[in-house]
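Working notes, beginning with the structure itself.
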Amino acid sequence: MIALKVNGISRQFNGDPNMPLLWYLRDEIGLTGSKFGCGAALCGTCTVHVGGEAVRGCVTAMSDADGKEVTTIEGLDPDGNHPVQRAWRAENVPQCGYCQAGQIMQAAALLSQNPDPSDQEIIDGMDGNICRCGTYQRIHAAVRTAAKEV
Amino acid sequence: MAQILNLSRRDMLKTAGASGALVLGAHLAPRGLFGEAQAAGAAAAPNFFVSIDAGGTVTLTCSRSEMGQGVRTGMPMIIADEMEADWNRVKIWQAPGDPAKYDPPGKDAQNTDGSRSTRHGFEAMREMGASARYVLEQAAARAWGVQPQEVYAKDHRVYHTASGKSLGFGDLAGAAAKIKLPEGDAKPKMKHPSEWKYIGKDMPAVDNYDITTGGASYGADVSIPGMKIAVVARSPVYRGKVKSFDATEALKVQGVEQVVEIPPLADDKGAEFRALGGVAVIGTNTWSVMQGRDKLKIDWDLGPHVAHDSRTYDDKLRASARKGGMKIRDRGDVDAALKAADKVVEAEYFVPYFIHTPMEPPVSVVDATSMPVKIWAATQSPNQARQYVAEALGIDKKDVTCEVTLLGGGFGRKSKADFICEAAILSKKAGAPVRVQWTREDEIRNGFYHAACAQSLSAGLDKAGKVTSWKHAGAWPSIVGLWNPVAKNGFGIEFGLGLVDLPYNNVPNIRIENGEADIMIRVGWYRSVNNIQHAYAMNCFANELAVAAGRDPLEMLLELIGDADNMDLAKDGVEKYWNYGDSIEDWPIMPNRLSNALRTVAVRSGYGKTMPTGHGLGLACHRSFQSYVATAVHAVVRDDGSLHIPRVDVAIDCGRYVNPEGIRKQVEGAVVYGNSIAREGKITTTKGAVDQGNFDDYPVTRISGAPLDVQVHIIEDFTHLRPCGVGEPAVPPYTPALVNAIFDATGKRIRQLPIGDQLKKI
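Top to bottom, those sequences are chains C and P. Position 47 of the first sequence, counted from 1, bears residue number 46 in numbering that gives the first Met the number 0, the numbering being contiguous throughout. Position 72 of the second sequence, counted from 1, bears residue number 71 in numbering that gives the first Met the number 0, the numbering being contiguous throughout.
This is how it looks when you write it as structure tokens:
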């Protein structure tokens with residue numbers, strides 16, 4: 000039995016403890032905001048927070064989430080108005096949008112640890128998240144914008 | 000143009016909204032995509048693209064697939080503008096596949112590719128908006144007992160000019176529903192461009208809130224009651240077949256329910272966009288079926304394409320390009336001009352196979368347990384999906400519906416219906432709705448590859464350094480192979496993707512040829528398609544000619560292109576120039592627009608300024624999808640061979656445009672897409688199987704390698720001309736501009752992509 004909190008709600012899981020957190024979130028409890036992109040921690044599309052840290056949900060086993068607090072894009076802010084979310088809209092970042100939940104969760108974790116990152120620190124912090132639409136210029140600008148508010 | 004009708008609310012619900020609303024499982028219902036808006040109750044629906052409810056909410060139809068190109072914003076903007084709706088009171092409803100209703104231009108059956116949504120739909124969307132404004136104005140005039148000319152719509156209300164009294168769109172919806180539109184050719188008057196309030200102005204994307212909060216609905220986010228999840232083991236080699244398989248271990252995995260074979264496509268059928276067969280593991284959740292698939296034991300008959308080894312295959316392409324073949328353009332006498340030249344320059348360029356890697360791998364849901372068969376898919380082409388699913392199930396296309404989710408990127412991959420056919424076949428076999436989820440490895444190893452291409456070029460220069468002849472041959476495996484596996488040559492569409500329309504109109508002698516190539520793998524459209532290799536080779540070779548002649552590359556390019564306002568390929572013996580499916584009268588080839596874009600980008604990028612050691616500025620320009628794009632890349636090559644791109648300038652002339660903010664985003668993205676093409680991954684094969692499988696061995700541009708200062712300059716000089724494409728045309732000129740910049744910085748010529756570590760060897 001694995002017990003965890005997802006977006007503040009206590010949950011229990013009886014299935015395969017090796018199941019990646021991503022598939023638990025998507026298939027078991029219907030939180031589809033976190034996306035599947037590579038299954039190998041190479042693209043960051045599935046990024047969620049476990050205990051406040053950004054992790055790749057596709058390679059984080061449920062057993063590693065036992066007793067932890069998980070936050071997904073759906074739970075980042077009750078109104079969807081986390082400074083990073085607002086900055087993403089202000090900079091009109093998304094194109095297809097598929098990677099953006101992961102980008103936003105990565106950026107939120109980055110700013111919680113480093114509220115005033117340098118340009119290079121933004122690049123280093125976001126380098127694990129791929130965007131095939133190529134929104135990097137706006138992602139960089141949006142992290143800078145959000146940093147002013149965090 | 001289809002007749003515009005004034006539909007009753009019941010028809011609208013029956014035809015459009017209701018089907019989607021009923022089927023989403025309540026606990027997983029994603030916001031905002033299917034049904035919701037129409038189901039809320041339209042009082043007036045003057046056509047299939049506009050409905051107005053009594054509360055004043057206007058629902059506009061988007062009938063094109065959204066894959067990040069901004070079509071759900073841009074197309075409705077046109078309608079909203081013409082009908083004088085207030086954008087803040089507009090909702091967007093995504094149309095299912097039904098070309099009779101949702102493809103009013105009648106040109107492409109809602110197939111969202113080829114950068115043509117705005118190009119083909121601009122006037123049609125204006126008419127939809129204008130007809131909605133017409134019924135609202137007529138309704139107001141009747142309500143007030145005045146003449147229609149005495150009223151006008153503005154910002155979601157209709158006003159009586161003389162008295163200043165007004166009624167809101169919602170107040171008028173009921174009466175507007177009873178107004179008949181003029182019949183025949185009499186069409187409601189459209190606005191003068193000076194009256195536009197949205198067209199030509201910046202608009203943020205309509206889905207931004209849903210996307211940034213996790214509420215946007217993509218292919219894998221559709222979940223319907225009773226649905227099973229499947230992954231499919233496919234042959235590692237193109238058109239290989241299952242000889243036998245053992246599912247014993249797979250079936251032991253908790254959550255795995257069934258293992259079933261998708262039969263191979265019959266040998267006499269072309270691959271087209273069909274499912275090719277494999278072994279499917281079906282179960283209750285994605286993780287289980289992925290685990291189960293790993294435990295399958297499959298004996299494959301790999302078939303003849305096992306001979307496809309890209310290293311030897313690439314050399315065959317090179318030899319074929321050198322040899323040339325079918326003449327596809329012939330101006331003057333190239334052989335005589337080359338003989339008479341003061342100097343002859345020769346070069347070969349090579350581009351490998353690429354694969355799309357949209358962030359969302361292909362995924363679809365099909366319910367084939369009852370009629371009509373229902374598809375929900377991240378598809379660029381819902382009506383082709385219906386067609387291929389109908390064929391796979393042996394039923395009629397009219398008995399298949401297709402709802403279109405948001406696409407997590409498309410780039411041409413999701414025009415093909417193979418992944419949807421798989422779900423249909425499996426749903427039928429399993430007796431339940433089925434979602435087929437592709438993994439990244441599936442996407443990279445079983446895709447439709449961008450054609451590898453070898454090109455061989457030679458040109459003659461006279462004593463004054465003018466180019467007197469241009470001979471150019473290309474060889475690549477053709478997309479035609481999907482229909483005709485033994486085809487050796489390309490066809491008109493591929494020739495027309497920047498090759499036969501070589502824009503160097505001032506060269507007196509031009510010959511372009513197509514060499515033969517065997518087709519050993521699925522080849523398919525990929526953002527900007529063959530333009531990639533053609534723009535690369537011709538822009539870089541023009542740069543080589545400038546250097547050989549001791550001339551400035553910009554001056555040389557401008558001289559080659561010239562300033563004619565029309566280049567007539569028929570005079571050069573080009574048969575049936577494709578012109579992106581458009582009439583050559585409506586969208587002629589205009590060298591003057593290309594030169595204008597090039598001059599613009601040269602000025603904006605500061606071309607000609609002195610650069611520090613290791614820095615270079617490279618230029619390139621290309622016409623594709625009717626747009627004219629010129630790119631300037633500032634590149635820095637450091638002593639260790641690492642490459643840095645401090646700035647990119649792009650000038651785009653796309654004629655009349657709708658959303659400049661959307662154009663900037665597409666161009667910024669195209670630069671990054673081009674950067675992956677130029678520098679990152681390539682697909683290779685060994686014994687017929689693709690060697691790569693994920694982003695570790697098929698790298699794409701990350702933020703650390705991306706140009707982060709892309710300046711987009713939208714050209715205003717030709718906005719009186721028809722809209723042109725935007726999604727793709729900024730991809731082709733990026734690679735040659737970068738490669739020319741690297742030459743400017745280092746003197747090193749990159750004649751083979753990707754650049755990879757070639758700069759380390761300087």
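For glycine and all other residues, C-beta sits at the position ideal for the given N, C-alpha and C.
Asked	Found
Taking all protein chains shown into account, decide if K67 of chain C is buried (16 or more other Cβ within 10 angstroms of its Cβ) or exposed.	buried
Using 8 angstroms as the limit for Cβ to Cβ distance, is P381 of chain P near chain C?	no
Is it right to say S604 of chain P is buried, meaning 16 or more other beta carbons lie within 10 angstroms of its own, or is it exposed?	buried
Would you say the beta carbon of Y135 of chain C comes nearer than 7 angstroms to a heavy atom of the ligand NAP?	Looking at this structure, you won't find the ligand NAP or any other ligand, since it has none at all.
May I ask you to report which of helix, strand or coil DSSP gives V365 of chain P?	strand
Taking the alpha carbon of V770 of chain P as the point to measure from, which residue in P:D366, P:K413, P:T378 has its own alpha carbon closest?	Nothing about residue 770 of chain P can be read from this structure; chain P reaches only from 0 to 761.
Use the C-beta contact count for A152 of chain P: other C-beta atoms within 10 angstroms, 16 or more gives buried, fewer gives exposed.	buried
Run through chain B and tell me which residues come within less than 8 angstroms of V600 of chain P, C-beta to C-beta.	The displayed structure is made up of protein chains C and P, and chain B is not among them.
Of all the CB atoms in chain P, is at least one closer than 8 angstroms to the CB of G133 of chain C?	yes
Taking Cβ to Cβ, would you say I443 of chain P is nearer than 8 angstroms to A376 of chain P?	no
Between A131 of chain P and the rest of its own chain, which residues show a CB-CB distance below 6 angstroms, the 5 nearest in sequence each way excluded?	P45, V49, M82
Would you kindly check if the distance between the Cβ of D126 of chain C and the Cβ of I676 of chain P is under 8 angstroms?	no
Tell me the residue span of the alpha helix (DSSP H) that contains R118 of chain P.	116 to 143
Which two residues bound the contiguous alpha helix (DSSP H) that contains R71 of chain P?	70 to 82
I'd like to know whether the C-beta of P93 of chain C is nearer than 8 angstroms to at least one C-beta of chain P.	yes
Got a sec: is the Cβ-Cβ distance from V701 of chain P to anything in chain C below 8 angstroms?	For clarity, residue 701 of chain P is Arg in the given sequence; the question names Val instead. Cβ-Cβ to chain C under 8 angstroms: yes for R701 of chain P.
Looking at the structure shown, is L456 of chain P part of a helix, part of a strand, or coil, going by DSSP?	strand
Return helix, strand or coil for F12 of chain C, following the three-state DSSP convention.	strand
V777 of chain P and Q436 of chain P look like a contact to me (Cβ under 8 angstroms); what is the Cβ gap, rounded to whole Å?	In the structure as shown, chain P begins at 0 and stops at 761. Residue 777 of chain P is therefore absent and cannot be evaluated.
Looking at C-beta atoms only, is the number of pairs between the region 111 to 120 of chain P and the region 717 to 732 of chain P that lie closer than 8 angstroms three or more?	yes
What number of angstroms, rounded off, separates the C-alpha of I492 of chain P from the C-alpha of A279 of chain P?	36 angstroms
Return the CA-CA distance between H26 of chain P and G32 of chain C, expressed in angstroms with no decimal places.	In this prediction, H26 of chain P scores a pLDDT of 27, lower than 50, which makes its location untrustworthy; the coordinate-derived value is nonetheless stated afterwards. Using only the alpha carbons, I get a separation of about 14 angstroms.
For chain C, check one thing: does any of its Cβ atoms lie closer than 8 angstroms to the Cβ of K664 of chain P?	yes
May I ask you to list, following chain order, the residues of the region 491 to 525 of chain P that have a beta carbon less than 9 angstroms from some beta carbon of chain C?	none
For G7 of chain C, decide whether its Cβ has a neighbour in chain P, counting only Cβ atoms nearer than 8 angstroms.	no
Looking at C-alpha atoms only, which residue of P:T311, P:A458, P:I77, P:M610 is the closest neighbour of N542 of chain P?	P:A458
I'd like the span of the beta strand (DSSP E) that includes H712 of chain P, first residue to last.	709 to 713
Using only CA atoms, which one of P:K315, P:T356, P:V635 lies nearest to H614 of chain P?	P:V635
By how many angstroms is the C-alpha of S477 of chain P removed from the C-alpha of T684 of chain P?	17 angstroms
Under 8 angstroms between the Cβ atoms of G54 of chain P and G173 of chain P?	no
Can you name the residues of chain C whose CB is closer than 7 angstroms to the CB of V628 of chain P?	In chain order: nothing, as chain C lies at least about 15 angstroms away.
Per the contact definition of three or more C-beta pairs closer than 8 angstroms, is the region 536 to 554 of chain P in contact with the region 738 to 750 of chain P?	yes
Among the residues of its own chain, which have a CB less than 6 angstroms from the CB of K296 of chain P, if the five just before and after it don't count?	D245
Looking at the C-beta of V671 of chain P, does it have a partner C-beta in chain C at a distance below 8 angstroms?	yes
Confirm, please, whether the CB-CB distance from I223 of chain P to D366 of chain P is below 8 angstroms.	yes
Exposed or buried, what is T44 of chain C when buried is set at 16 or more other beta-carbons lying within 10 Å of its beta-carbon?	buried
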